Structure formats: structure tokens, C-alpha cells
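S.K.: Take this structure first; my questions come after.
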DNA sequence: CCACGCTAGTTAACGCATGTACTAGTTTCA
DNA sequence: TGAAACTAGTACATGCGTTAACTAGCGTGG
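Here's what the structure looks like:
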């Protein structure tokens, strides 16, 4: 008797139940794929939510705000376009977000020298200090999460996740913009 | 010379650059954890975005709408609370979403028998047909994604992702509501 | 050399998720 | 039994991300 039979349904017994019904009642064939993507999605959401709630929100940053500041911090002054690519956001999202981060005094926006259309994003001094500070907490928390896996397992996981998304030229993926 | 040195910055050369700067310039120690969570987040976002854009949006469903219908479909009539747990959404999100899905004629909402406060969600006939239909496309797409990994690799990936999130009782994680 | 097409960024309208505060039903236990 | 604590669901205000339409600068080829 499984948890799903007893009425105590958690994520894993749901996955089990879903697999069973999808294959037996409906004849769908790619159970493992479903299980993989369900698990991937869930893991990412749980970790992200925890980091946002425990590290960033208390300091007044949204998850996206942090990501934008993070890439700007480490990849130097960046064109907005590039920042969008690196963070995986749309250009519009970067534009909106930059507006609020500029008014918070964390980010600075100046016209690009070579291309008159472009905008260069960089951290203000305050923004830089803030990132060093915030990342300290962020990195400790990351380590707590990753720490349940051995370094070996972490490397394998990174490798597999990477393989999952980089071999995607084999079919045409819908990406942003 | 790496891509990041040459100015052609993509996700991977950014991660490399970030690792270098975080450890050499700032002395942060948990590089692998950062890399893991960055990769996890990115993989999940890419796959999710693709599924939503290629399968669900064209049929008028949002990603969350699909997830709610999916658990309702397979886990039978469900209390809203349970649906929130299984999908990882907040109770408020389920409530909002249910409202629109009900008015789309896909979902039905009736008062729970045993508990007067609760609401039971189930699919309408239309909703059921729709899910069988939509999931066909969804599952094919999932298979295209998962297909770049061998079944063995997929199982390892699932196992590692699971381990990452289930051993989290060791520290107090911030979850939804 | 200039018109057309392309690209960077912004804006506006919209959808959706969140937290908070509230209503109402349930459970506990003195 | 009845008051207090708790729980399920919802309404509301807010914030953020999306797409689509627009502005403005770039660059190419007739």
C-alpha cells in the first residue's frame, strides 16, 4: 500500500500515482520524462523560494533584482541586452527592473559609447557594497542546500543539468524574444 | 583564452568568470554550490518556458493553469489546500486560478462534504478531454527534452534532484505559507 | 547617400502570484 | 458546552513579468 492509496498524498506519491494512471489508463509512454521535468521544476522552485524568502526579501531585494545585480556585479558594466541573456529575463523585464534599482541607488545606467541605442548597466558604490554583503548570506545558504550532496554528486548534477539544456539544438526550443 | 576574456559572454563563460572573481577577488568559498544552483535555476526556467510557449500558451493555458489541471486530473477531486501543496503554489494562487479555470469551463468547484470550509476541485468533462489532449503534446515535448539524456542519466538526475530537496529538514527551509 | 530593414531599449496593458487581512467552519479542552 | 485557537478559502492591494507596439539609432545595398 502506497501513500497515494491511503489518502496521504505528498509530492512523491503523487508522481507515482500519476505515472500509474498515465500509463495504465491513458497509455502515455514517456513516464520517465514527466517524472524528470516535474522533479526539476519542483526542486528549482523550492530552492529559489527559500533563497528569496530567507536572504533577499528581508533585505528588500526581489529574486530577479538580485540576479540582475549579480551579473552586473561580476560581469562588469553590461549592456541591458547582455544582462537579459545572462539572467534569462526578457529585455523589457531588465528595463523595468533597472528603473527601480536605479531609483534605489544600487544601479547606474549610462548611454553606451559605441552604440547610441544601448545602455550600460553598472553598480553604484552602494550597490557594490550591498552585493558583497548580500552575497555573503546568499552563498552560505547555497552551501547549506548543496551540502546535502557530496562534491562528486554536485558535479554530476551540474553536468547532467548542463547536458539537458545544451543539447537542445536538436529541436527548436522556444526561448524568450 | 576563454570566451569571457574575449568579450563573447554566454552563460557558461559567465559562470566561469563569476567563480574566478568570487574566489580570487572576494574570497567566497562555496563556488560549487553557486554553480549548482545557478545551473539548476537556469535549466528549470529554460525547459518550463519552452513547454509553456510551445504547448500551453497556444492552447490558452498558462503554465500554472496546466499544473493545477494536471494534479486535479490525476489525483482526482482534490481539496484546494492539497492542490496548492502538490503544485507548489500558495493557497491564494490556487483560489485565483480556480476562479478563471471555472469560468473557462474546465474546472468545477463544489463544497467539501466532510469539512464545510473546504472546496473540492475536479475537472469538468470538457476539462478532462482538454487535459488528455493537451498532455499528449506536453508529453511528446517532455520526451524531446529528456531524450538527450539516457534513461540511466535521467534516473540519476531525478535521484540527485530528489536528494537535494528531501534532505532539507537538516536546516529550516522557507516554504510557502 | 539615403531608404529600408534590423536592433536596443522603453512603455503600456494585461495576467498572474504574492502577502495580508478577513470570514467562516472546525477542533480542543477546561 | 462554549470560548479560544486553529484552519480553509477568498478578496484586495501590490509587485513583477510578459507580449506588443513604439522610438530611435545603426548599417547595408541599391
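Residue numbers (the numbering used here), protein chains in the order written: chain A, 56 to 232; chain B, 56 to 232.
Backbone N, C-alpha and C define an ideal beta-carbon position, used for all residues, glycine too.
Just so we're clear, the structure is a prediction, and the values are computed from it rather than from any experiment.
1) Within the continuous beta strand (DSSP E) that includes residue 233(A), where are the two ends?
2) At a Cβ threshold of 8 Å, is residue 85(A) touching chain B?
3) Would you decide whether residue 80(A) is buried or exposed? Buried here means 16 or more other CB atoms lie within 10 Å of its CB.
4) Cα-Cα, which of 132(B), 69(B), 203(B) is closest to residue 182(B)?
5) Chain A beta carbons: is any one of them nearer than 8 Å to that of residue 154(B)?
6) Just the chain A side, please: which residues come within less than 9 Å of residue 184(B) by C-beta, in chain order?
7) So who's on the other strand from residue 165(B), going by DSSP bridges?
8) What does DSSP give as the partner residues of residue 134(A) in its beta bridges?
9) Residue 143(A) touches chain B at which residues, Cβ-Cβ below 9 Å?
10) Closer than 8 Å, CB to CB, is residue 121(B) near chain A or not?
11) Taking the continuous alpha helix (DSSP H) assigned at residue 144(B), which residues delimit it?
12) CB residue 162(A) to CB residue 176(A), shorter than 8 Å?
13) Since residue 206(B) meets chain A, which of its residues come closer than 8 Å, beta carbon to beta carbon?
14) For residue 141(A), which residues in the same chain have their Cβ closer than 8 Å to its Cβ, ignoring the five residues on either side in sequence?
M.R.: In terms of the structure at hand:
1) Here chain A comprises residues numbered 56 to 232, so residue 233(A) is not present and cannot be evaluated.
2) yes
3) exposed
4) 132(B)
5) no
6) The contacting residues do not exist; residue 184(B) stays about 12 Å from chain A at best.
7) 175(B)
8) 175(A)
9) 66, 96, 97, 100, 101, 104
10) no
11) Unbroken run through residue 144(B): none, as it is neither H nor E.
12) yes
13) 87
14) 126, 130, 133
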